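Colleague:
There are 2 protein chains.
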Amino acid sequence: MSLAKANMVVAHGGGPTAVINASLQGVIEEALKYPQIDNILGARFGIEGLLNERFIDLRAQPQNIIEKLQYIPASVLGSCRKKLTYEDFPRVLDILKVYGIRYFFYNGGNDSMDTCNKISKLAVDSGYDLNVIGIPKTIDNDLVNTDHCPGYGSAARYVAVSMMELACDIESLPIHICVAEIMGRNAGWLTAAACLAARDNKGPHLIYLPERPLILPDFLNDVKEMYDMHGGVLVVVSEGLKDEKGQHIADSGFTDGFGHKVPGGVSQYLSNQIIQHLGIRSRNEKPGLLGRSSITHQSKIDRKEAKMVGAFAVKSAVEGESGYMVSLRRISNDPYECEMGLVSLEKVANFEKTFPKEWINSRGTGISKDFVDYCTPLLGETLPEYLGLEKIYIDKR
Amino acid sequence: MSLAKANMVVAHGGGPTAVINASLQGVIEEALKYPQIDNILGARFGIEGLLNERFIDLRAQPQNIIEKLQYIPASVLGSCRKKLTYEDFPRVLDILKVYGIRYFFYNGGNDSMDTCNKISKLAVDSGYDLNVIGIPKTIDNDLVNTDHCPGYGSAARYVAVSMMELACDIESLPIHICVAEIMGRNAGWLTAAACLAARDNKGPHLIYLPERPLILPDFLNDVKEMYDMHGGVLVVVSEGLKDEKGQHIADSGFTDGFGHKVPGGVSQYLSNQIIQHLGIRSRNEKPGLLGRSSITHQSKIDRKEAKMVGAFAVKSAVEGESGYMVSLRRISNDPYECEMGLVSLEKVANFEKTFPKEWINSRGTGISKDFVDYCTPLLGETLPEYLGLEKIYIDKR
């Protein structure tokens, strides 16, 4: 890389998280340090913004906006789900040249790292001088070759705190089963975070991840057993639950405009099964996207790391690195410490890290202490502890 | 009421709120001031705790627990949905006498005020000296003869903030319609709070309350129009939406153990309709009980008022009042000021205050400024403002 002035572009891919804008802040603040970086471009709506030449001037942003990015939900740049195809390559190369882009940063998950990898290879194959670094981000925590993914800690905190609050509600009016559905199509990392909410006999009482097939009769037995024990029962399920044949537990019964089966709400389906087969009142909750957009539940450590990986990506690119994703390596758990490194995009793109089966109990209804140790530091501040009354009873006077 | 020592009991009825324990704190702290109050009993699980003689000694609670009650979600006493019947009366009277209870406080909504009223009348009819005061509470905000209900402000804040965050998510990845479902079977107060989330062109774009029948073709037209304009669309609907015939929009297709039709998720139903009829990607979110149990989104003013109404109930009872519910009267909106008073239980029990139709726009898809003015002070602290980037675009160099 020459020291001549060059432009850079940053873009967001896939679903937003509570800290993707924190990574953007890290990127911008770091980029502003280097005289060799001229224009700082933010592509609107991911790779589509690059293809459509929709670039926001990030250097021109007021300081107060840059400083507050870390507290803004979703993606201020906009994101997309487009997968880059070979037909797009000539246009990508053309745009990079026309805009004098020499640094390219893509902040996203598996699919985005694939896009990032393709662009990296495209530049190499075309002999175009471009430094490409991927910035990890996903609430699913399913990127390989990194201890965890920025965005996960905040979403996990959301799950832990809101399931703790929900468990209090269920315990205080124990008239029904409640099935709560958490995002995560293939990986159960986020749903597993519900186990951090459990206190004493309060729920969650049962947790089901997509890594294990759900067997309906077993599920109903487990629910019935917990109901007989506690009255109110909190069951937490992943949206991606599948049966023994690998089919999604619930589909809506029709297809979308693209001919794909539309999955139905698994929590509503299971709740209905409980009512129908056990004759017990049941309801379902599905916070869905609220869990990834909550700034209120943002994890401090997640926010900090998100900024760090953004900054590290820029630093690495300026130092001449290319074709890598920033990864996190846990050095110590107590006190919690992570260091950053680089991992080849080739080793990340399109791979998926599912939840370790050995961290699921034998019945498939609970999560082990190993996961609690793994996840706890990622949630940032200590979780709230909701005290109850001392159970001192009064007799007739 | 004689000055002889007498016992009191407090109980919770119906669904918990984020501040019902704050009211309990107000009750206990006030009761501790009066030498004429001896034992302070908390009935476990509402009126059922009274019938089953399950009383917690609230005077014996450590100070640190009493102080923190205002920050504890759900109901630490436990609640119930039991409606008191005439068959229960002899037992109620018997328990009141055996435990020397002379003060009775029931903290709840419409049904609970009915229970409260029945007990008040029972005492009068039986010549039993009992001071009965109802303490208002409901996230539905549907009690009559009070400006608003403790519990509503916090739940409304949850809706406003989380819909604001969700709107950011939808705007940043505008690939689908999102239908969010908010609690409220018959009254749209809570769903209406979503309008406080709207900023610029961000959602919520459409809000539907149960006070107006939902006409499906109109709904689909409205959604399509918004989709053509914005891409990502946030639609907020009340769980209680009904069609022109007064039937719930969605039912699950079967009945529960009591023979009642089980309502299905209206958001999932409408989301499926969008996919099926408009061919547009759509998803649905249903935070449900999370919205009433969130301490994180607790409104400061709601918490303060909840404590106040609890304390005022005790003070009123000790001063000899009986057969009333504590009500709130708004004296001024800016600065916001409310005063407390008493309203006859007879005028509250079993009545329901629905959302004013004149605060719904003519199309039935939005809420008027009058409601914004009404609701804003109840949310406590100013809502977060989520800045976006300045849309300064960069051209080719």
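As they're listed, the protein sequences go chains A and B. Counting in this note's numbering, the first sequence runs from 405 upward without gaps. Counting in this note's numbering, the second sequence runs from 405 upward without gaps. The C-beta atom is built at its ideal place from N, Cα and C for all residues, glycine as well. Because the structure is a prediction, the values reported are computed rather than measured.
Is the closest heavy atom of the ligand ADP to the C-beta of V670 (chain B) under 7 Å?
Modeller: The ligand ADP is not part of the structure shown, which contains no ligands of any sort.
Colleague: What first and last residue would you give for the beta strand (DSSP E) that runs through R357 (chain B)?
Modeller: Outside the modelled stretch of chain B, which goes from 405 to 801, sits residue 357 (chain B), for which no answer is possible.
Colleague: Does the distance from the C-beta atom of L645 (chain B) to that of V670 (chain B) stay below 8 Å?
Modeller: yes
Colleague: With a cut-off of 8 Å on the beta carbons, I'd call N511 (chain B) and I424 (chain B) a contact; round off their distance for me.
Modeller: At roughly 6 Å, the Cβ-Cβ gap stays under 8 Å, so N511 (chain B) and I424 (chain B) are in contact.
Colleague: Short check: CB of L693 (chain A) to CB of D573 (chain B), under 8 Å?
Modeller: yes
Colleague: Flag V565 (chain B) as yes if its beta-carbon sits less than 8 Å from any beta-carbon of chain A, otherwise no.
Modeller: yes
Colleague: According to the neighbour-count rule (16 or more other Cβ atoms, all chains shown, within 10 Å of its Cβ), is S736 (chain A) buried or exposed?
Modeller: exposed
Colleague: Quick one: list the residues of chain B neighbouring Q465 (chain A), beta-carbon separation under 9 Å, in chain order.
Modeller: L793, E794, I796
Colleague: Hey, is H701 (chain A)'s beta-carbon within less than 8 Å of any beta-carbon in chain B?
Modeller: Chain B, which has a Cβ nearer than 8 Å to the Cβ of H701 (chain A), makes this yes.
Colleague: Pull up the DSSP beta-bridge partners for H634 (chain B), would you.
Modeller: Note: H634 (chain B) sits in no beta bridge, so no partner.
Colleague: What are the residues of the stretch 572-605 of chain B that lie near chain A, defined by any Cβ-Cβ distance shorter than 9 Å?
Modeller: C572, D573, I574, E575, S576, L577, P578, I579, C582, A584, E585
Colleague: For the beta strand (DSSP E) that P540 (chain A) lies in, which residues bound it at each end?
Modeller: It spans 535-540 - the beta strand (DSSP E) in which P540 (chain A) sits, taken as one unbroken run.
Colleague: Would you mind sorting G727 (chain B) into buried or exposed? The rule is 16 or more other CB atoms within 10 Å of its CB.
Modeller: buried
Colleague: What is the DSSP secondary structure of F755 (chain B), counted as helix, strand or coil?
Modeller: coil
Colleague: At a CB-CB cut-off below 7 Å, which residues of chain B make contact with K472 (chain A)?
Modeller: L791
Colleague: Between F459 (chain A) and chain B, is any beta-carbon pair separated by less than 8 Å?
Modeller: yes
Colleague: Assign G531 (chain B) to one of two classes, buried (16 or more other C-beta atoms within 10 Å of its C-beta) or exposed (fewer than that).
Modeller: By the neighbour-count rule (16 or more Cβ atoms within 10 Å), G531 (chain B) is not buried but exposed.
Colleague: For S697 (chain A), collect the residues of the same chain with a Cβ closer than 6 Å to its Cβ; drop the 5 residues on either side in sequence, then sort them by chain order.
Modeller: If you ignore the 5 residues before and after S697 (chain A), its C-beta comes within less than 6 Å of the C-beta of P477, A478, all in its own chain and listed in chain order.
Colleague: Which residue's Cα is closest to the Cα of L732 (chain A): A:A527, A:P554, A:P788?
Modeller: The shortest C-alpha separation from L732 (chain A) is found at A:P554.
Colleague: On the CB-based measure, 16 or more other CB atoms within 10 Å of its CB, does N625 (chain A) come out buried or exposed?
Modeller: exposed
Colleague: Looking at C-alpha atoms only, which residue of B:E569, B:E643, B:L577 is the closest neighbour of L600 (chain B)?
Modeller: B:E569
Colleague: Am I right that I705 (chain B) and G784 (chain B) are in contact with their C-beta atoms under 8 Å? What's the rounded C-beta distance?
Modeller: 5 Å
Colleague: Alpha carbon to alpha carbon, how far is Y673 (chain A) from A654 (chain A)? Give it in angstroms, no decimals.
Modeller: Cα to Cα, A654 (chain A) sits roughly 6 Å from Y673 (chain A).
Colleague: Taking only three categories from DSSP, how would you classify L610 (chain B)?
Modeller: strand
Colleague: Tell me whether K487 (chain B) sits in a helix, a strand or coil according to DSSP, three-state version.
Modeller: coil
Colleague: What does the alpha-carbon distance come out to for the pair N535 (chain A) and R685 (chain B)?
Modeller: Looking at the two C-alpha atoms, the distance is approximately 36 Å.
Colleague: Go ahead and pull the three-state DSSP assignment for N411 (chain A).
Modeller: strand
Colleague: Where G695 (chain B) and N676 (chain A) are concerned, what is the direct C-alpha to C-alpha distance, given to the nearest angstrom?
Modeller: 22 Å
Colleague: Sort A:V752, A:G538, A:K719, A:L610 by Cα distance to A596 (chain A) and report the nearest one.
Modeller: The option with the nearest alpha carbon to A596 (chain A) is A:L610.
Colleague: In the DSSP assignment, what are the bridge partners of S736 (chain B)?
Modeller: B:E741
Colleague: For chain B, find out if any of its Cβ atoms is closer than 8 Å to the Cβ of K541 (chain A); answer yes or no.
Modeller: K541 (chain A) does not count as touching chain B.
Colleague: Note down, in chain order, each residue of its chain lying with its Cβ closer than 6 Å to the Cβ of Q651 (chain B), except the 5 sequence neighbours on either side.
Modeller: none
Colleague: Which same chain residues end up closer than 6 Å to T421 (chain B) when comparing Cβ atoms and leaving out the 5 residues on each side of it in sequence?
Modeller: K541, I543, G555, R696
Colleague: How many angstroms separate the CA atom of E585 (chain A) from the CA atom of P691 (chain B)?
Modeller: 10 Å
Colleague: Using the Cα positions of G635 (chain B) and G768 (chain B), report the straight-line distance between them to the nearest angstrom.
Modeller: 21 Å
Colleague: Nearest to V747 (chain A) by alpha carbon, out of A:L488, A:T550, A:V502?
Modeller: A:T550
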